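Colleague: Sequences listed follow chains A and B, in order. Heads up: the first sequence runs through residues 1 to 333, numbered per the numbering used here. Heads up: the second sequence runs through residues 1 to 333, numbered per the numbering used here. Note that CB positions come from ideal geometry on N, CA and C, so glycine has one too. This structure is a prediction, so every number in the text was calculated from the model and none was measured.
Protein chains: 2
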Amino acid sequence: MGKRRSTIADVARAAGVSIMTVSRAVNGRPGVGDGTRDKVRSIAEALGYRPDRRASALASRSSTALGIVFPDMANPFFAILAKAATDTARARGLNVFVMNTDESPTRELSAFASLHEERIEGIIVAGSRLSPSKLGTALEAFADVVLVNNSTTGPNIANVDVDDRSGMIQAVTHLLAKGCTRIAFAAGPRVSVSAQRRLAGYRTALVGGGLAFDRRRVVKCTPDIEGGRRAAAAILELDPDVDAIIAYNDITAIGVMRGLADAGRRIPEDVAVIGTDDIPYAALVRPSLSTLRVDIPLLGHTAMSVLLALRDGTPLAPMAALEPELVVRESSG
Amino acid sequence: MGKRRSTIADVARAAGVSIMTVSRAVNGRPGVGDGTRDKVRSIAEALGYRPDRRASALASRSSTALGIVFPDMANPFFAILAKAATDTARARGLNVFVMNTDESPTRELSAFASLHEERIEGIIVAGSRLSPSKLGTALEAFADVVLVNNSTTGPNIANVDVDDRSGMIQAVTHLLAKGCTRIAFAAGPRVSVSAQRRLAGYRTALVGGGLAFDRRRVVKCTPDIEGGRRAAAAILELDPDVDAIIAYNDITAIGVMRGLADAGRRIPEDVAVIGTDDIPYAALVRPSLSTLRVDIPLLGHTAMSVLLALRDGTPLAPMAALEPELVVRESSG
DNA sequence: ATAATGCACGTTAGCGCTAACGTAGCCAGG
DNA sequence: CCTGGCTACGTTAGCGCTAACGTGCATTAT
């Protein structure tokens, strides 16, 4: 069997035409007669010819690969987001490099560098852990950028957001109505913009409800199960009579519930818990988790659609933030 | 600001050397003096030069990008596997295209085609949904292949496996010891090799335990929560007195538990349930799920390490299959 | 002293493809 | 009849990089 893969030149030779004609025929571009196009295509098929996207990108100065960067693929929120985004891209024939940064700013920068070395032009960044200025600088390497849940702006940057503030207000209001007065916040990573927005909503709603905002009730933590567990322990130490904990996201909330259980607290009788995102497991854990529901596949699909529109140069209206919806389950029932 | 990104030629000009010297210096290859190397590197840095990997791949006929293909990124098993695999690759400076096939053989083939167009040389395929012959043909396009949980072999193919058969025997034996006699299997997709292996183990253990193997107790299903729910309903219809259900994987098992709950069955009093994989949520759902524990990050890391070894031409001993470990929790306690 | 070696670099020829600009043949209009 | 315009191609010159093979010079062996 012929080991060497066939190139455009092989097809041209076999078809008795020039390589430009093959290029035009294979890419469906005008300037080829119908008969010639069909003939070239069937010969290409017979030879197993597949265009080399790298060479094509190099020559045409435009890539068919995209990138997506986020902190943690083991978090179902990002996994589902990335799934929706990559599926949307693939429906258009575009491949995507998926970069997991493990919550590390350094690794996030190195992901951007790698993507730039691949001469990727369009990327989605979800849940950046970089400061706005560092992020802004890093993003200059890309022609089109979609930021999910981040406020950094720029000429080449579009933003797709969840209305974290509003969601948080819903959560706090619900807890206040339940009679909770000692509401703590397992706040996630300080560098996360959504963490900051959730904190702002938390504070606004507390004050609006006539309660004092107490910075000591805000405990930052890593956004995973273990971080939630540690946050719960820290909160209990500061205020053993805490009666509600809102968590940065659902996996943190799950950790918080474990931490509370370890300390012998009943949920929700002693302490109510609310998460954010409504990952599929939120409804399944014990007790089932109240949370701020976000349509994650829609978010991912939207982010990619916006990126594709930027790429096409299609003008697009600024997006309204997605409104989360409070889902009350056992953990705050 | 200079919009055009700098190329190797810009660096060469600025440093007063040839582009080959820049190439050698930047890539840390021999044939450059220490002083020259440092000087070139600092000038490259100052100009913001980043090598173009596509051009480099084209010229050197070797790519620094890899691929990973699997059915469902929303399944934590694959998300965690992919995370471990991509992290291992990135530690070596390699980027990876992540392809989600949505359980569709057609999309799996199209993923391979896209990867081939990117002239990817090494890929990991986990949980292929293709027949051995179609898979074998599709994989000829790649120089190095690692198959996770698939028996297809070939000159360029390495296999990394979980010992599904053994795991299944542990599960059935445990249920037999509990006194279960009507043990059904929510079997997952028929095309999945691990489903076939789990079925074989199920059958062997049943017969070994003195029970008859009844094909009607094997109900295939999509490997997700909804599939598990439907499988449970189908199993209850065929045998209302079923006393145990083993599921293809943990998310299927979670669906099975929901289906049983919908039908008013108590778990484990009426029906015991056992899953496979031990995804992080298995321990957290209600009731907590007995499962066959697999070290998923290790599996992903191993798969990528094997791929990198193949790429390097490092000879490697054939791998022993990873042994799953039965974790008994409430669902079968 | 002289040839043989090794090292630090430079030059050349592509990798597979496409943008941009040919060119030849055809048809319409004056 | 010629001009102009169109279509269907072909030719040329790269994209940014590296493999392979120079070249010149200092060092060493003989």
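Does any C-beta atom of chain B lie closer than 9 Å to the C-beta of S62 (chain A)?
Modeller: Output row for S62 (chain A): interface = no.
Colleague: Cβ of H116 (chain A) less than 9 Å from any chain B Cβ?
Modeller: Closer than 9 Å to some Cβ of chain B, the Cβ of H116 (chain A) qualifies, so yes.
Colleague: Just to make sure I have the definition right: I need the residues of chain B whose C-beta is within less than 9 Å of the C-beta of L308 (chain A). Which are they?
Modeller: The premise fails here: L308 (chain A) is roughly 16 Å from chain B at the closest Cβ pair, so nothing lies under 9 Å.
Colleague: Using CA atoms only, rank isn't needed, just tell me which of B:R229, B:A234, B:K134 is closest to N249 (chain B).
Modeller: Here the closest residue by C-alpha is B:R229.
Colleague: Does the Cβ of G2 (chain B) have 16 or more other Cβ atoms within 10 Å, making it buried, or fewer, making it exposed?
Modeller: With a pLDDT of only 45 at G2 (chain B), under 50, the local geometry of the prediction cannot be trusted, and the value read off the model is given with reservation. Exposed: under 16 other Cβ atoms inside 10 Å.
Colleague: Evaluate G227 (chain B) with the Cβ neighbour count: other Cβ atoms within 10 Å of its Cβ, from every protein chain shown; 16 or more gives buried, anything less gives exposed.
Modeller: By the neighbour-count rule (16 or more Cβ atoms within 10 Å), G227 (chain B) is buried.
Colleague: Under the three-state reduction of DSSP, which class applies to A74 (chain A): helix, strand or coil?
Modeller: Three-state result, A74 (chain A): coil.
Colleague: Helix, strand or coil: how does DSSP classify V342 (chain B) here?
Modeller: This structure gives no information on residue 342 (chain B), because the portion of chain B shown stretches from 1 to 333.
Colleague: Output yes if chain B places a C-beta closer than 9 Å to the C-beta of D87 (chain A); else output no.
Modeller: Taking Cβ atoms only, chain B reaches closer than 9 Å to D87 (chain A), which makes this a yes.
Colleague: Could you name the residues of chain B that P155 (chain A) contacts, counting a contact when the two beta carbons are closer than 9 Å?
Modeller: Here the premise fails: no neighbours, minimum Cβ distance about 12 Å.
Colleague: Compare the Cα-Cα distances from R311 (chain A) to each of A:D10, A:S104, A:I157, A:V285 and report the closest residue.
Modeller: It is A:I157 whose Cα lies nearest to the Cα of R311 (chain A).
Colleague: In whole angstroms, what is the alpha-carbon distance linking L260 (chain A) and R37 (chain B)?
Modeller: Approximately 57 Å between the Cα atoms of the pair.
Colleague: In the structure shown, what three-state DSSP assignment does R107 (chain B) receive?
Modeller: If DSSP states are grouped into helix, strand and coil, R107 (chain B) belongs with the helices.
Colleague: At least one CB of chain A closer than 9 Å to the CB of F142 (chain B): is that the case?
Modeller: F142 (chain B) does not count as touching chain A.
Colleague: With 9 Å set as the bound, which would you pick, yes or no: does the beta-carbon of R129 (chain B) sit closer than that to a beta-carbon of chain A?
Modeller: So no, R129 (chain B) is outside the interface.
Colleague: Can you list, in chain order, the residues of its chain with a C-beta nearer than 8 Å to that of M319 (chain A)? Leave out the 5 residues immediately preceding and following it.
Modeller: Excluding sequence neighbours, M319 (chain A) sits near A158, N159, V160, D161, T302, V306.
Colleague: Taking 9 Å as the threshold (beta carbon to beta carbon), is I225 (chain A) in contact with chain B?
Modeller: Yes, I225 (chain A) counts as interfacial toward chain B.
Colleague: With a threshold of 16 other CB atoms inside 10 Å of the CB of L238 (chain B), please say whether the residue is buried or exposed.
Modeller: Under this definition L238 (chain B) is an exposed residue.
Colleague: Taking contact to mean at least 3 C-beta pairs separated by less than 8 Å, is the segment 91 to 104 of chain A in contact with the segment 37 to 51 of chain A?
Modeller: As far as the Cβ criterion goes, the segment 91 to 104 of chain A does not touch the segment 37 to 51 of chain A, which means the pair count is below three.
Colleague: Can you give the Cα-Cα distance for G333 (chain B) and S290 (chain B), rounded to whole angstroms?
Modeller: So the alpha carbons of these two residues sit roughly 8 Å apart.
Colleague: Would you give the residue range spanned by the beta strand (DSSP E) that M99 (chain B) belongs to?
Modeller: Where M99 (chain B) is concerned, the enclosing beta strand (DSSP E) stretches over 95 to 100.
Colleague: Tell me the residue span of the beta strand (DSSP E) that contains K220 (chain B).
Modeller: That run of the beta strand (DSSP E) goes 218 to 220.
Colleague: Just the C-alpha distance for E330 (chain B) and I246 (chain B), rounded to the nearest angstrom, thanks.
Modeller: In a straight line, the C-alpha of E330 (chain B) is about 14 Å away from that of I246 (chain B).
Colleague: Going by other Cβ atoms of all chains shown within 10 Å of its Cβ, with 16 needed for buried, is D224 (chain A) buried or exposed?
Modeller: D224 (chain A) comes out buried.
Colleague: Indicate whether at least one CB of chain A lies closer than 9 Å to the CB of N95 (chain B).
Modeller: So yes, N95 (chain B) belongs to the interface.
Colleague: On the criterion of 16 or more Cβ atoms from any shown chain inside 10 Å, does L298 (chain B) qualify as buried, or is it exposed?
Modeller: Burial call: exposed.
Colleague: Quickly, what does DSSP pair E325 (chain B) with across the bridge? List them, please.
Modeller: The partner list for E325 (chain B) (beta bridge, DSSP) reads B:R293.
Colleague: Helix, strand or coil for T64 (chain B), going by three-state DSSP, please let me know.
Modeller: Here T64 (chain B) sits in coil by DSSP.
Colleague: For L175 (chain A) and V271 (chain A), what's the separation of their Cα atoms in angstroms?
Modeller: Spanning the two alpha carbons is a distance of roughly 10 Å.
Colleague: Identify the contact partners of M304 (chain A) in chain B, using a Cβ-Cβ distance below 7 Å as the criterion.
Modeller: By Cβ distance, chain B contributes nothing, its closest Cβ being about 13 Å from M304 (chain A), past 7 Å.
Colleague: What distance in whole Å lies between the Cβ atoms of E108 (chain A) and R129 (chain A), which are believed to be in contact at a cut-off of 8 Å?
Modeller: Yes, R129 (chain A) and E108 (chain A) are in contact; Cβ-Cβ is about 6 Å, under 8 Å.
Colleague: Anything in chain A within Cβ reach of V98 (chain B), meaning under 8 Å, just list it in chain order.
Modeller: Under the 8 Å cutoff, chain A gives A82, T86, V96, F97, V98.
Colleague: At which residues does the alpha helix (DSSP H) containing G201 (chain B) begin and terminate?
Modeller: G201 (chain B) -> alpha helix (DSSP H) spans 193 to 208.
Colleague: Would you kindly report the start and end of the unbroken alpha helix (DSSP H) that includes P250 (chain A)?
Modeller: Residue 250 (chain A) is actually Asp in this sequence, not Pro. Taken as a continuous stretch (DSSP letters only), the alpha helix (DSSP H) holding D250 (chain A) covers 250 to 262.
Colleague: With distances taken between CB atoms, is the gap from L334 (chain A) to I120 (chain A) smaller than 9 Å?
Modeller: Here chain A has residues from 1 to 333 only, and residue 334 (chain A) is not among them.
Colleague: Using 8 Å for Cβ pairs, my map puts M304 (chain B) next to I8 (chain B). What's the rounded Cβ distance?
Modeller: The Cβ separation is near 30 Å, so there is no contact.
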